[in-house]
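Reading through the structure tokens given below for one structure.
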Amino acid sequence: MDLIVSLTVNGLATGMLIFLLAAGLTLIFGLMSVLNFAHGGLFIWGAYAGVSIYAVTDSFLLAIILAIITGLVLGLITERLIIRPVYGNHIQQILITLGFMLVLQELIKVVFGPDQKAVYPPAWLEGSFQMGDVILIKYRLFIIAIGFLLFLIIFLILKKTRIGLIVRAGVMNREMVQTLGINIRFVFMAVFMVGAALAALSGVLHAPYSGVIYAEMGLEFSILAFIVVVIGGMGSFTGSLLAAILVGLAQAYMAYYVPALSLAVNMLIMTVVLIFRPQGLFKVKG
Amino acid sequence: MIGLILRSMTKSNLIYLGVAVILLILPFILTGRSVQFMITQIFIFAIFAMSYDLLLGYTGIISFGHAMFFGIGAYTTAIFMDRFDASIFALLVAILVAVLFAAVVSFIVGILTLRLKSHFYAMLTLAFAGLFLVAAEKWRSLTKGNDGFTFKIPEFLRDSTTLYIVSLVCLVLIFFGLRRLTNSPFGRVLVAIRENENRTESLGFKVLHYKVLVSVVSGVVASFAGVLYMLSLRFVNTSVFHTDVTIDVLLMTIIGGVGTLVGPILGAALIELAHHWISGLADVHWIFERWIILYGTVYILVVIFFPLGLVGTIRSKLSGRSKKQHTTKKAS
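Each protein sequence line maps, in turn, to chains A and B. Numbering of the first sequence is given in this note's numbering, commencing with residue 447 and proceeding in unit increments. Numbering of the second sequence is given in this note's numbering, commencing with residue 16 and proceeding in unit increments.
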């Protein structure tokens, strides 16, 4: 019992981190059909920016805030300098975002040094709760809580507000929204910045969870996010949450029972989805 | 027969053959081992880059895991040479296995994702290449992990001049073979798919068949480049599966000029020389150790400002000029 609980908590925590990364990807894709291969770069920049301020000030809250700001700024830069010039050309977009991903990854090594950095959770999140023989690690519960909270907030914004309405309408039919006099480019920029901020937040939350950060982590993690986006259905926000949890759980259980297959299991899920339901589990109507 | 050969001797073919002959004489003038080794590397990467051009340039498919096929060829050769005696027969079997393995993998990846939007192929190849990298790192009993291993190759290929000539002959054969392929009706359909997939489909071509077939051909050629790479290096480690390899080949194709076949060869020469030059500069300033930044920046700029690459830009300039002359003549 305690084993199942702790594996599930592990899986949920990993799933939430992937979700934060995938949420931005899937919204950006849905709205502008841009697949942002540089998303992992934003993740890793969030992690490094947050961790370095955390090391100086010892305040994890400040680290989270700085990571979000880094994400917003980098999101703005990426959208303006990298994606706008090749707007509308899929091949160029895919090529250029990967190039930017590499530049971001290598710049990390220039700015923060090429070595791995160890990170520990803040004191108020260290340790664990014990209930009977079940041990719950505080930091993992914290990640899960934040993930669900952000999901709820964004979900409500998408469903209940005017901005959300515009974004959802944009996902379904961009031209129509534009015809109605809405500056879809501005909406896209905003969504891109929020997506980038989510990625950066995911990065900084991931740092104490894995205990170590390194520059290549961005690409590794973004592969998981891509898998999630494919499984959940490109452009589907709810789909990305469920797919992320599925991938997180599958990975956690596999890592314990069949460690050799822990990466392959996600590929396997994706392969099955691609064969039987290529549009993803939750296709956006439109 | 002779008539056929003469007819195929267009001006550009003559130029290519001339360059090939010069390159064939070159190793007898430049006898230094390291120079020959470097040019051999250029030939090998040129083959690799041409296989990429077939996908990106001719069909408009983006692969972010082309290193996977290169690595398949490399590891198959290395493992065969290591496990069995370093004979010609073992090498031939290794080539056969490498080619078949690459064909099967590219077929599976292709059939899964090529019926969907181009993003899927890019993502899935990236993910698959990641899987192969992890497998190569973790399956230590077979691959010796990240440290890699050295191995022996057949006696006569150990000479750098021989290997140079073998690589050159392979490059020339594959170049003319791929040119034949892209100029054939099959190649025309590929270009049509790149230009407008829906229209090609409505014309009655089974687009998926063409795309899967071209991805298999590309995977096979890339795997063969991996085999040659191993013959020149005689050492393998997991770096053949790294994203850097894919980036290199992407850069070669894009800088040289997509959809030209000659472009990737030029691109391969440029990038290999740049590698050589920049690694020499690492002692001068530490920033040159982070050469990927430089590459990434050049790459982004090329994608934005020179989407046609070197050869493509020159060609469009030339044809633009001849068109202009044509119209002025008409006007006068």
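Virtual Cβ for every residue (Gly too), placed ideally from N, Cα, C.
Sequence-distant residues of its chain with Cβ nearer than 6 Å to residue i (five each side left out)
i: PHE683(A); result: none
i: PHE166(B); result: ALA93, MET96 and ASP97
Cβ-Cβ separation, residue j to residue i (assumed contact under 8 Å), whole Å
i: VAL231(B); j: MET65(B); result: The pair is not a contact, with the Cβ atoms about 15 Å apart (cut-off 8 Å).
i: VAL88(B); j: PHE239(B); result: A small fix is needed here, since residue 88(B) is Gly in this sequence, not Val. Indeed they touch by this definition, with Cβ atoms about 6 Å apart.
i: ASP97(B); j: PRO279(B); result: Contact doesn't hold; Cβ gap of about 31 Å is too wide.
i: GLY272(B); j: GLY327(B); result: 4 Å
i: VAL227(B); j: GLY125(B); result: 4 Å
i: ILE189(B); j: ILE62(B); result: 5 Å
i: ALA480(A); j: GLN576(A); result: For clarity, residue 480(A) is Val in the given sequence; the question names Ala instead. VAL480(A) to GLN576(A), Cβ: 47 Å. No contact.
i: TRP306(B); j: ILE293(B); result: 5 Å
i: LEU5(B); j: ILE315(B); result: Outside the modelled stretch of chain B, which goes from 16 to 347, sits residue 5(B), for which no answer is possible.
i: ALA101(B); j: VAL242(B); result: That pair is no contact at about 14 Å.
Below-9 Å beta-carbon distance, residue i vs any chain B residue
i: LEU687(A); result: no
i: LYS563(A); result: no
i: GLU666(A); result: yes
i: VAL693(A); result: no
i: MET635(A); result: no
i: ILE528(A); result: yes
i: GLU621(A); result: no
i: GLU552(A); result: yes
i: PRO654(A); result: no
i: ILE464(A); result: no
i: HIS485(A); result: no
Cα-Cα separation, residue i to residue j
i: GLU170(B); j: THR177(B); result: 11 Å
i: GLY461(A); j: ALA706(A); result: 20 Å
i: HIS81(B); j: PHE122(B); result: 13 Å
i: ILE94(B); j: SER505(A); result: 51 Å
i: HIS257(B); j: ALA144(B); result: 8 Å
i: GLU572(A); j: ASN211(B); result: 57 Å
i: HIS341(B); j: SER27(B); result: Low local confidence applies: a pLDDT of 49 at HIS341(B) is under 50, so the model's placement there is unreliable, with the coordinate-based value given in what follows. Near 21 Å, if we compare the C-alpha coordinates of SER27(B) and HIS341(B).
i: PHE722(A); j: VAL674(A); result: 16 Å
i: LEU582(A); j: ALA501(A); result: 26 Å
i: THR312(B); j: ALA105(B); result: 43 Å
i: VAL676(A); j: SER574(A); result: 35 Å
Short CB-CB distance (under 9 Å) between residue i and chain A
i: ILE270(B); result: no
i: ILE286(B); result: no
i: PRO11(B); result: In this structure chain B extends from 16 to 347, so residue 11(B) is not present and cannot be described.
i: VAL318(B); result: yes
i: LEU153(B); result: In the sequence as presented, Leu is not what sits at residue 153(B); that position holds Lys. By this cut-off, LYS153(B) is an interface position.
i: MET83(B); result: no
i: TYR67(B); result: no
i: HIS290(B); result: no
i: LEU248(B); result: no
Cβ shell of residue i (< 8 Å), same chain only, five flanking positions each side left out
i: ALA484(A); result: THR524, ILE528, THR543, LEU544, PHE546, MET547 and LEU550
i: THR268(B); result: ALA64, TYR67, ASP68, LEU71, GLY72, GLY278, PRO279, GLY282 and GLY324
i: GLY732(A); result: Note that GLY732(A) scores 41 on pLDDT, short of 50, meaning its location in the model is unreliable; the coordinates nonetheless yield the value given after this. The residues are VAL617, MET618 and ASN619.
i: VAL112(B); result: THR91 and PHE95
i: VAL613(A); result: LEU473, LEU477, LEU604, VAL633 and VAL637
Check: residue i C-beta below 8 Å from any heavy atom of the ligand GDP
i: ILE609(A); result: Annotation note on the ligand GDP: not contained in the displayed structure, which lists no ligands.
Contact check, residue i vs residue j, beta carbons under 9 Å
i: VAL650(A); j: ALA509(A); result: yes
i: GLY678(A); j: LEU598(A); result: no
i: GLY616(A); j: PHE634(A); result: yes
i: VAL120(B); j: GLY234(B); result: yes
i: GLY641(A); j: GLY470(A); result: yes
i: ILE691(A); j: PHE465(A); result: yes
i: MET639(A); j: GLY492(A); result: no
i: PHE135(B); j: PRO724(A); result: yes
i: GLY356(B); j: THR253(B); result: Limits of chain B in this structure are 16 at one end and 347 at the other, which puts residue 356(B) out of reach.
i: GLN562(A); j: VAL658(A); result: yes
i: PHE164(B); j: VAL251(B); result: yes
i: LEU146(B); j: LEU720(A); result: no
Same chain, Cβ closer than 7 Å to residue i, neighbours up to 5 away in sequence not counted
i: ILE514(A); result: ALA643, ALA646 and LEU647
i: VAL711(A); result: ALA696, GLN697 and MET700
i: VAL451(A); result: VAL580
i: PHE52(B); result: SER175 and SER247
i: GLY593(A); result: MET462, PHE465 and LEU466
i: VAL114(B); result: VAL235, SER238 and PHE239
i: LEU186(B); result: PHE58, ALA61 and ILE62
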